[in-house]
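Scroll down for the structure; my scribbles are underneath it.
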């Protein structure tokens, strides 16, 4: 890689070669990680996992944490609808909101998470629905997104979440396999 500065051209690659700590990002070509580190959720920020947890649970956010108050390694808890959407409702509590456990990678892939343009549009639409009192429709958007991306994988946890947190919207279970 060469960088042009005025009339002079200098090579940044040559200068950084062999210097400790220059290439700290883990990746397939990084010299700072071993293959074991790239799949171990306890040592790598990518939080990849080899085996799925035995069961993905659904319910209120506070009930999905482990006894130590942490997530099951390799998983994250997904609020449905997202907590920033539900904050509009007076009396809504972060820990009491509907949620489900998902693999870390899957949680990053759904529209209700992240800062990509389509994620921002998805959440803006949900904000509008909740502001108009259409909470059921906001929940349905997330269920559609999850079941489209991961058919059958999270159906049981979504059913459990609906039963425990949104029993008045029991018809949403018809969207599941």
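In full-length UniProt numbering, the protein residues as written are 1 to 177. The C-beta atom is built at its ideal place from N, Cα and C for all residues, glycine as well. Just so it is clear, the structure is predicted and the values come from calculations on it, not from any experiment.
For residue j and residue i, the rounded distance between their alpha carbons
| i | j | result |
| --- | --- | --- |
| residue 92 | residue 112 | 18 Å |
| residue 175 | residue 60 | 20 Å |
| residue 104 | residue 142 | 16 Å |
| residue 158 | residue 107 | 14 Å |
| residue 192 | residue 117 | No information on residue 192 is available, as it lies outside the stretch 1 to 177 that the chain covers here. |
| residue 114 | residue 123 | 10 Å |
| residue 144 | residue 154 | 11 Å |
| residue 67 | residue 140 | 30 Å |
| residue 101 | residue 167 | 19 Å |
| residue 65 | residue 87 | 21 Å |
| residue 97 | residue 63 | 10 Å |
| residue 57 | residue 89 | 25 Å |
Where the alpha helix (DSSP H) containing residue i begins and where it ends
| i | result |
| --- | --- |
| residue 175 | Run containing residue 175: none; DSSP gives neither H nor E here. |
| residue 109 | 104 to 109 |
| residue 95 | Element bounds for residue 95: n/a, residue is neither H nor E. |
Opening and closing residue of the beta strand (DSSP E) in which residue i lies
| i | result |
| --- | --- |
| residue 75 | 75 to 79 |
| residue 66 | First-last for residue 66: undefined, no H or E at that position. |
| residue 112 | Residue 112 -> no beta strand (DSSP E), and no H or E assigned at all. |
| residue 59 | 58 to 60 |
Close-in-space but distant-in-sequence residues of the same chain around residue i (CB under 7 Å, 5 per side omitted)
| i | result |
| --- | --- |
| residue 183 | Outside the displayed range of the chain (1 to 177) lies residue 183, so it cannot be described from this structure. |
| residue 162 | 169, 170, 172 and 173 |
| residue 152 | 177 |
| residue 212 | No answer is possible for residue 212: it lies beyond the span of the chain, which begins at 1 and ends at 177. |
Same chain, Cβ closer than 8 Å to residue i, neighbours up to 5 away in sequence not counted
| i | result |
| --- | --- |
| residue 109 | 149 |
Checklist entry - At which residue ranges does the segment 124 to 177 contain complete beta strand (DSSP E) runs of 3 or more residues, listed in the order of the chain? => result As far as the segment 124 to 177 is concerned, it has no whole beta strand (DSSP E) run of at least 3 residues.
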